[in-house]
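*Asks:* Got a structure for you, written out below as structure tokens; questions coming shortly.
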Amino acid sequence: MRIPFFACLAAAAVSVAAYAVADGHISDEQIETSIKARQSHMQLYSFHMATLGGMAQDKMPYDAAAASAAADSIVALTTLSQSRYWLPGSDSDSVEGSRALPAIWAEGSDVGDKGAALVEAALAMQEAAGTDLDALKAAMGPLGGACGDCHRSYRVRNE
């Protein structure tokens, strides 16, 4: 049930935010706050992915409890409402410091599908993480891939 929910949430967020912008209800302060919130959210993903990635790459010892905690946190992050993070006008063409490409808000954007894929991969990691190192390693590729798919399409690349 979480995957359709996320896809609907993403579509609703873009629609609601677009309506608010059309009516002039989004201030510069709201846009700045939304960017900070989504960047913080991404830092939390990165923090927990580093734990799982460190184990998967044998850079740190496998710890079932720590792996499960990191995977649980990633699932929690994927299910939090992000609707106010992604306001139109908070893209890289509009605001310095934003790495979100305007394509996120473009008609035909598949950002909701990519978000649903992230939820699916996070749930698979949650199931695998505490099992054993081999299961964690097998789930790491799809999880990292889901993150990367969205970043390749919708985030400014580092120079």
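Here this note's numbering = 1-based position in the sequence shown + 153.
Ideal placement from N, C-alpha and C gives every residue a C-beta, glycine not left out.
Which stretch, first to last residue, makes up the alpha helix (DSSP H) that contains Leu-240?
*Replies:* Walking along the sequence shown from the start, residue 240 turns up at place 87. No alpha helix (DSSP H) holds Leu-240; DSSP gives it neither H nor E.
*Asks:* Counting beta carbon pairs with one atom in the region 204 to 223 and one in the region 280 to 291, are three or more of them shorter than 8 Å?
*Replies:* With the cut-off at 8 Å, the region 280 to 291 and the region 204 to 223 touch.
*Asks:* Is the beta carbon of Tyr-238 closer than 8 Å to that of Ser-199?
*Replies:* The count along the sequence shown starts at 1 and reaches residue 199 at position 46. The count along the sequence shown starts at 1 and reaches residue 238 at position 85. In this structure, Tyr-238 does not lie closer than 8 Å to Ser-199 by Cβ.
*Asks:* For Asp-302, I'd like the list of residues in its chain whose CB is within less than 6 Å of its CB, leaving aside the five on either flank, ordered along the chain.
*Replies:* Taking the sequence shown and counting its residues from 1, one reaches residue 302 at position 149. Closer than 6 Å at the Cβ level, and outside the excluded window around Asp-302, lie Lys-267.
*Asks:* Using a 10 Å radius around the Cβ and a threshold of 16 neighbouring Cβ atoms, would you call His-178 buried or exposed?
*Replies:* Here residue 178 corresponds to residue number 25 of the sequence shown, with the count starting at 1. By the neighbour-count rule (16 or more Cβ atoms within 10 Å), His-178 is not buried but exposed.
*Asks:* Three or more C-beta pairs closer than 8 Å, one from the region 227 to 244 and one from the region 208 to 215: is that the case here?
*Replies:* They do not touch, by the three-pair rule.
*Asks:* Which whole-angstrom value describes the C-beta separation of Ser-236 and Ser-245, a residue pair presumed to lie in contact below a C-beta threshold of 8 Å?
*Replies:* Counted from its first residue, the sequence shown places residue 236 at position 83. Counted from its first residue, the sequence shown places residue 245 at position 92. That pair is no contact at about 20 Å.
*Asks:* Between which two residues does the alpha helix (DSSP H) harbouring Gln-183 extend?
*Replies:* Counting from one through the sequence shown, the residue named residue 183 turns up at place 30. Taken as a continuous stretch (DSSP letters only), the alpha helix (DSSP H) holding Gln-183 covers 181 to 209.
*Asks:* With distances taken between CB atoms, is the gap from Leu-205 to Met-278 smaller than 8 Å?
*Replies:* Mapped onto the sequence shown, residue 205 falls at position 52. Mapped onto the sequence shown, residue 278 falls at position 125. It is a contact, given that the beta carbons lie within the stated cut-off.
*Asks:* Just how far apart, CA to CA, sit Ser-193 and Asp-263?
*Replies:* Working through the sequence shown from its first residue, we reach residue 193 at position 40. Working through the sequence shown from its first residue, we reach residue 263 at position 110. Going by the C-alpha atoms only, they are around 23 Å apart.
*Asks:* By how many angstroms is the C-alpha of Gln-183 removed from the C-alpha of Glu-249?
*Replies:* Residue numbering aside, residue 249 sits at position 96 when the sequence shown is read from its first letter. Residue numbering aside, residue 183 sits at position 30 when the sequence shown is read from its first letter. The straight-line gap from Cα to Cα measures roughly 15 Å.
*Asks:* Would you kindly report the start and end of the unbroken alpha helix (DSSP H) that includes His-304?
*Replies:* What you label residue 304 is simply residue 151 of the sequence shown in a count that begins at 1. Taken as a continuous stretch (DSSP letters only), the alpha helix (DSSP H) holding His-304 covers 286 to 307.
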